[in-house]
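Residue numbers (this note's numbering), protein chains in the order written: chain A, 1 to 173; chain B, 174 to 414. We put the CB at the ideal spot given by N, CA and C, even for glycine. Note that the structure is predicted; figures quoted are calculated from it, not measured.
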Amino acid sequence: MPIATASQTIGPYWHLIEHPEFADLTRFGAVGERIALTGRVRDGDGAPVADCCVELWQASPAASETFPGYGRAATDSDGRFRFTTIRPGPLPGPGNVQQAPHVALNLLARGILGRLVTRAYFDAEPLNDTDPILALIDDPARRATLLARPAGEAVWHIDIRLQGEGETVFMAF
Amino acid sequence: MSEAFPTPPDLRTPFRALTPGTQPPNDFPEYGSTQKRHPKQPLLRIPQTVTEITGPRFSPSRYPSIIDLTRSGVHEALGERIIVRGRVLDEDGRPVPDTMLEIWQANAAGRYAHPRDQHDAPLDPHFRGEGRVFTDAQGWYQFTSIKPGAYPWRNHFNAWRPNHIHFSLFGPGFATRLITQMYFPGDPLLELDPIFHAVADEQARRRLIARFDIECTKPEWALGYRFDIVLRGRETAVAEE
Chain A
1 MPIATASQTI
11 GPYWHLIEHP
21 EFADLTRFGA
31 VGERIALTGR
41 VRDGDGAPVA
51 DCCVELWQAS
61 PAASETFPGY
71 GRAATDSDGR
81 FRFTTIRPGP
91 LPGPGNVQQA
101 PHVALNLLAR
111 GILGRLVTRA
121 YFDAEPLNDT
131 DPILALIDDP
141 ARRATLLARP
151 AGEAVWHIDI
161 RLQGEGETVF
171 MAF
Chain B
174 MSEAFPTPPD
184 LRTPFRALTP
194 GTQPPNDFPE
204 YGSTQKRHPK
214 QPLLRIPQTV
224 TEITGPRFSP
234 SRYPSIIDLT
244 RSGVHEALGE
254 RIIVRGRVLD
264 EDGRPVPDTM
274 LEIWQANAAG
284 RYAHPRDQHD
294 APLDPHFRGE
304 GRVFTDAQGW
314 YQFTSIKPGA
324 YPWRNHFNAW
334 RPNHIHFSLF
344 GPGFATRLIT
354 QMYFPGDPLL
364 ELDPIFHAVA
374 DEQARRRLIA
384 RFDIECTKPE
394 WALGYRFDIV
404 LRGRETAVAE
414 E
């Protein structure tokens with residue numbers, strides 16, 4: 001049986017496939033509660049990661065003709081990115097346990113040979129308390145790395161730390 | 174052979190674990206950029222949910238194909254013309270149909286049409302270096318380009334990247350997302366390249382190298398290369414029969 005092809009880094013020149021409109025998941029006319037999700041990616045020294053490809057995938061609302069569910073954004077010189085999307089709703093989880101609203105984030109960059117996957121949840125969402133993925137993280141400070149915080153009218157912000165103090169919880173599956 | 178799989182896979186079935194040694198680690202000291210960009214905490218192993226099992230869909234109506242990278246300018250790109258084709262399969266050998274591949278690469282002189290690439294090699298105004306193709310029902314893809322040049326980088330003294338083409342694939346789920354690089358046979362720089370060697374398994378490394386393919390070489394026109402790509406397969410259901 002064939003074995004899955006090895007990953008290789010996206011490198012520093014991936015912007016040749018960057019299309020800034022991909023960062024707006026509402027561009028095909030999606031209806032729903034429109035939000036911005038902003039973030040900042042920093043490395044083990046706390047320095048901004050200025051060449052990161054941040055991808056977003058959300059299974060809610062379900063992808064359709066008007067909503068791709070997928071977005072891609074480049075970080076700027078300060079490590080910042082911004083998506084415009086529709087706020088996700090709860091999702092089914094393993095064993096009939098509901099998952100709290102969340103989006104998955106996929107980080108790709110020079111120095112990342114595979115992919116770094118994390119999730120952004122919404123702070124103060126009541127379902128977070130029973131979310132089966134958040135429940136796997138014992139340390140409240142670690143769990144908090146997955147929470148996007150309100151940062152203005154319909155704007156949510158998440159800080160992503162690849163390494164070191166406040167290191168984001170990254171996932172394998 | 175797709176004919177051997179009359180029943181399409183259940184789209185809710187999780188994807189199977191990756192084979193140890195066949196994927197690069199996050200921390201690989203020989204590749205200096207990993208030093209500050211790898212998590213030191215262990216990855217959190219999570220069950221695959223609808224978020225991981227499903228994934229985005231792309232169609233050429235919204236994401237138009239760019240199947241000939243040599244024709245992005247007014248004139249034809251300079252360099253050794255190549256045709257790259259191959260199949261995208263899963264780990265059960267099933268074709269992955271209608272999936273998008275994104276491609277990007279340096280020009281024939283080893284320079285990217287990218288503002289951050291300051292390598293002192295000429296830009297080709299007629300080569301941008303972006304491609305986008307979709308697999309057919311049998312998982313086949315094909316595009317035309319020029320052979321990218323090798324280029325220096327600052328990872329270590331006298332470091333040069335081997336000739337390579339970058340590939341981005343999605344497959345059926347978020348779990349099957351893959352970014353990889355295709356290399357060329359016989360390249361002496363491969364043995365010295367830490368990115369290539371971050372893959373511990375020799376067979377897995379070898380699968381990143383395209384084969385010269387006389388069948389897809391077009392007489393009087395372009396050399397052909399074959400590069401097959403395998404995406405994660407789904408977990409095997411316990412046999413019910």
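- Taking 7 Å as the threshold, the shortest C-beta distance from B/GLY246 to chain A does not fall below it.
- When DSSP states are grouped into helix, strand and coil, A/PHE83 belongs to the strand group.
- Among the residues of chain B, none has a CB under 8 Å from the CB of A/TRP156; the nearest is roughly 17 Å distant.
- Annotated as proximal: A/GLY89 and A/PRO101, with beta-carbon spacing under 7 Å.
- Check the Cα spacing between A/PRO61 and each of A/CYS53, A/GLU55 and A/TYR70: the tightest is with A/TYR70.
- Comparing alpha carbon positions, the residue from B/VAL403, B/PHE201, B/ARG379 and B/GLN291 closest to B/ARG327 is B/GLN291.
- Closest in C-alpha terms to A/ILE133, from the list A/GLY114, A/TRP156, A/GLY164 and A/VAL169, comes A/VAL169.
- About 5 Å separates the Cβ atoms of A/ALA30 and A/ILE86, confirming a contact at the 8 Å cut-off.
- Taking A/ALA151 as the centre and dropping the five residues before and after it, the same chain places the C-beta of HIS157 closer than 6 Å to its C-beta, in chain order.
- For B/ASP366, the secondary structure class from DSSP, reduced to helix, strand or coil, is coil.
- DSSP places B/VAL223 inside the alpha helix (DSSP H), whose first and last residues are 223-226.
- Across the structure, A/ASP129 and A/ALA104 are spaced so that their CA atoms are roughly 18 Å apart.
- Buried is the label assigned to B/LYS320, since at least 16 other Cβ atoms lie within 10 Å of its Cβ.
- Using a Cβ distance threshold of 7 Å, A/ASP51 and A/ARG110 count as a contacting pair.
- When beta bridges are read from the DSSP output, A/PRO48 appears opposite A/ARG42.
- Counting along the chain, the unbroken alpha helix (DSSP H) around A/ALA144 starts and ends at 140-144.
- Contacts with chain A at 7 Å (Cβ-Cβ) do not include B/ARG384.
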